[in-house]
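If you read the sequence shown in our numbering, its first letter stands for residue 4, the second for the next number, and so on.
Using N, Cα and C, we set each Cβ at its ideal position, and we do this for glycine too.
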Amino acid sequence: MLGDANAKLGKEEASNEESGKHILHELSKRNGEMLLEFALENNLKVMSTQFQHKKIHKGTWLALDQKTLNQIDHVMISSEKKELMEDVRTMRGPNIDSDHYLLKITLNQKLPKIYIKKNRDWTGTWDKSNLKNPIKLLEYRRALQTILSKQTQQQDEEQEWEQIKKAIMEAANEIIQKQDRKQRSEWWDQGCQLALMRKNDARRNWLQCKTRASCEWYHKKRNEANRMCVQKKKEWNKTIRQIQENYKKNESRKLFSEIKKLNHSNE
4 MLGDANAKLG KEEASNEESG KHILHELSKR NGEMLLEFAL ENNLKVMSTQ FQHKKIHKGT
64 WLALDQKTLN QIDHVMISSE KKELMEDVRT MRGPNIDSDH YLLKITLNQK LPKIYIKKNR
124 DWTGTWDKSN LKNPIKLLEY RRALQTILSK QTQQQDEEQE WEQIKKAIME AANEIIQKQD
184 RKQRSEWWDQ GCQLALMRKN DARRNWLQCK TRASCEWYHK KRNEANRMCV QKKKEWNKTI
244 RQIQENYKKN ESRKLFSEIK KLNHSNE
């Protein structure tokens, strides 16, 4: 179990067995006591306070005064499997647009052979943008009809199905194509990337020099980046809807004009 428990744990000796000794706070609050009671009743261990780290790597939430660091996000695991967890610490670097810091959990768990084989045989997924593109779908249907017309009819049902399956895959690979695992959203462009870089630079500057000015500058850059991404996404969705309407109305000139604008915006 993991999440924002909003619970401060203290260094009381009575709770060391469940919570450990490497705790940021001296005394437990009421929510912390309730968390420990829950862990004790369900045979759980609080692992987020079991490992020795610097104070900045223990705190998970920064208060509104931008100075007070609190350890209120916790990770719990069954007492029988606590040896699987090798480390829990706060990551201050990743920017997740929150006043909470990211928690990094290190586990030592061997994966089943079936899971490893399944991920090793991954062949990719179809490009969603082409699946939503009416022009691509029309080209796919034509390519499939062409391939099927060239095939000879088989008497055996299994052989006939294999031919149809092969034709579908061949047409899909040619027209629809596959996308990479880490493909960005269609509306993502250089402007969004630049705004994100500026936001991350402002956040790094704020982490190194926590002043009121650096905090305000970071929030300003974060709002600018968020507004730009929302605007780009709205523009992209509006263009896609317009393309679909032109396709339904059979307005070829407007259809190809919108597609041309879309391709130029992505270059």
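Beta-ladder partner(s) of residue i, from DSSP
i	result
Gly6	His77
Lys181	Trp129
Met94	Leu105
Val49	Met79
Leu1	Not covered by the structure: residue 1. The range shown for the chain is 4 to 270.
Leu65	Leu72
Leu151	None, per the DSSP bridge assignment.
Met88	Leu110
Given residue i as reference, the closest of the options once Cα atoms are compared
i	options	result
Gln193	Met231, Asn46, Val78 and Ile26	Met231
Lys61	Ile26, Tyr221 and Lys32	Ile26
Arg207	Asp100, Gly13 and His28	Asp100
Asn46	Tyr221, Lys181, Glu83 and Glu254	Glu83
Ser132	Gln157, Ser188 and Tyr104	Ser188
Met37	Phe54, Leu65 and Ile75	Ile75
Gly13	Glu161, Gly6, Arg33 and Asp7	Arg33
Ile179	Ala66, Trp220 and Asp130	Asp130
Lys11	Met4, Ala216, Ser51 and Glu44	Ser51
Thr214	Lys70, Met79, Asn111 and Asp7	Lys70
Ile108	Leu134, Gly96 and His77	His77
Asn98	His222, Ile262, Lys236 and Asn253	His222
Leu106	Phe54, Glu142, Thr128 and Cys212	Phe54
Glu219	Asn176, Leu67, Leu110 and Trp239	Leu67
Gln148	Glu161, Leu30, Gln166 and Asp159	Gln166
Ala277	Leu110, Leu5, Lys48 and Arg145	Summary: the structure shown does not reach residue 277, with the chain confined to residues 4 through 270, and so no result is reported for it.
Lys224	Glu163, Trp209 and Glu238	Trp209
Leu134	Tyr104, Arg95 and Ile243	Ile243
Buried or exposed (CB count within 10 angstroms, at least 16 for buried), residue i
i	result
Ile59	exposed
Gly35	buried
Trp1	Limits of the chain in this structure are 4 at one end and 270 at the other, which puts residue 1 out of reach.
Met88	buried
Asp248	The sequence given here places Glu at residue 248; Asp does not occur at that position. Label assigned to Glu248: exposed.
Glu21	buried
Gln234	exposed
Trp125	Its pLDDT being 49, under 50, Trp125 is placed unreliably by the model, and nothing is read from it.
Leu39	buried
Decide yes or no for the touch test of the stretch 146-165 against the stretch 197-211: beta carbon pairs closer than 8 Å, at least 3 of them.
no
Q | the stretch 202-217 contacting the stretch 164-177, beta-carbon criterion three pairs below 8 Å | A | no
*Below 8 Å, can you find three or more Cβ-Cβ pairs linking the stretch 134-145 to the stretch 245-262?*
yes
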